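Here the structure is laid out as structure tokens; the discussion comes afterwards.
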């Protein structure tokens, strides 16, 4: 691929990248400079390409992807869109609408994480803490050992992290969003707040409930997360769990005395 992450501007490539994740296959990003995960830090052109790829990953979206055959593009977009889209539009109606980026948020975040993984591993290999934090925010899979390594490189785990799903996120938000139970427990053990809010006033509990991570919800509640906190839309974590149909998360919140009557 090139620095603009072509061919991932095509809908078929995005879909197949996601399929590789479903099949637990490793995806390696290769440019004219070789594998990005093992790019030579002394090669300035390779480092420039690496930075450009990282920037471009924030813009990869199924909403803007194209295909040689429009019917194929519509069919794939309809298949991968967030569940509520298929509940609102029939396929025929969907084809007459202009797709919105938020309709594909879950898919875009997932694919960005897959593409960011080799970049994250490369950043750890080079001891580049800011880059490692950046790719963690984009969805790269992270372990407790990786968090410790980032700190060892001089990284500050309390700094805000850029993500595909919200602005002004903490690492606690990131781990809650992706269901990273061990990393979340590590951060809470370091004193990170379970009640941090992002730009939309989502707490980590909102994201964990929305995405159906029951164990993460339980851990956050144990960490004194406020089950009654509301986001800018006036929704509590229970609203988010109920809307997404996550019975386990909703049950845990109700057991923690989250209000079932809040509007």
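In the UniProt record's numbering, the protein residues as written are 1 to 263. Backbone N, C-alpha and C define an ideal beta-carbon position, used for all residues, glycine too. Just so it is clear, the structure is predicted and the values come from calculations on it, not from any experiment.
| field | Cut-off 8 Å between Cβ atoms - residues of its own chain near residue 17, not counting five sequence neighbours on either side | value | Around residue 17, the same chain offers 8, 27, 111, 114, 115 as residues with beta carbons nearer than 8 Å, after the five sequence neighbours per side are excluded.
| field | Identified DSSP bridge partners for residue 34 | value | 31.
| Which residues in the same chain as residue 76 place their Cβ atom closer than 6 Å to its Cβ, once the five residues preceding and following it in sequence are excluded? | 11, 15.
| Residue span of the alpha helix (DSSP H) that contains residue 222, given as start and end | Its alpha helix (DSSP H) spans residues 214-222.
| query | Taking buried to mean at least 16 other C-beta atoms within 10 Å of its own C-beta, is residue 2 buried or exposed? | reply | Flag for residue 2 reads exposed.
| residue 203: first and last residue of the uninterrupted alpha helix (DSSP H) it sits in | According to the DSSP assignment, residue 203 belongs to no alpha helix (DSSP H), since it is labelled neither H nor E.
| field | residue 184 versus residue 216: straight-line alpha-carbon distance, rounded | value | Pairing residue 184 with residue 216, the inter-Cα distance amounts to about 8 Å.
| query | Thinking C-beta only, is residue 172 closer than 9 Å to residue 134? | reply | In this structure, residue 172 does not lie closer than 9 Å to residue 134 by Cβ.
| Shortest alpha-carbon distance to residue 206 belongs to which of 234, 189, 187, 190? | It is 234 whose Cα lies nearest to the Cα of residue 206.
| Just how far apart, CA to CA, sit residue 122 and residue 179? | Cα to Cα, residue 122 sits roughly 23 Å from residue 179.
| task | Given a cut-off of 9 Å, decide if residue 181 and residue 209 are closer than it, judged by their beta-carbon atoms. | result | Contact: no.
| Given residue 129 as reference, the closest of 257, 166, 261, 152 once Cα atoms are compared | Minimum Cα distance to residue 129 is reached at 152.
| query | What is the DSSP secondary structure of residue 85, counted as helix, strand or coil? | reply | Three-state result, residue 85: helix.
| query | Does the beta-carbon distance from residue 198 to residue 252 come in below 9 Å? | reply | No, they are not a contact pair.
| task | Compute the beta-carbon to beta-carbon distance between residue 88 and residue 5, rounded to the nearest angstrom, for a pair I have assumed lies under 8 Å. | result | Their Cβ separation, rounded to whole angstroms, is 30 Å, which puts residue 88 and residue 5 out of contact at 8 Å.
| request: On the DSSP bridge assignment, give the partners of residue 169 in chain order. | output: In the DSSP output, where bridge partners are listed per residue, residue 169 has 161.
| field | Completely contained alpha helix (DSSP H) runs for the UniProt repeat "ANK" (233-263), where each covers 4 or more residues | value | Restricted to the UniProt repeat "ANK" (233-263), the alpha helix (DSSP H) segments that are unbroken, complete and at least 4 residues in length are 237-244, 247-255, listed in chain order.
| Option nearest residue 118 by Cα separation, candidates 131, 108, 106 | Of 131, 108, 106, the residue nearest in Cα terms is 131.
| For residue 138 versus residue 57, is the C-beta distance shorter than 9 Å? | Judged by beta-carbon spacing, residue 57 lies within the 9 Å limit of residue 138, meaning their Cβ atoms are closer than that value.
| task | Using the Cα positions of residue 30 and residue 36, report the straight-line distance between them to the nearest angstrom. | result | A direct Cα-Cα distance of roughly 6 Å separates residue 30 from residue 36.
| Collapsed DSSP secondary structure at residue 104 in the structure displayed | Three-state DSSP puts residue 104 in a helix.
| request: Have a look at residue 212 and residue 143 and give me their C-alpha separation to the nearest angstrom. | output: Between residue 212 and residue 143, the C-alpha separation is close to 20 Å.
| Spatial distance of residue 21 from residue 13 (CA atoms) | Here the alpha carbons of residue 13 and residue 21 stand approximately 13 Å from one another.
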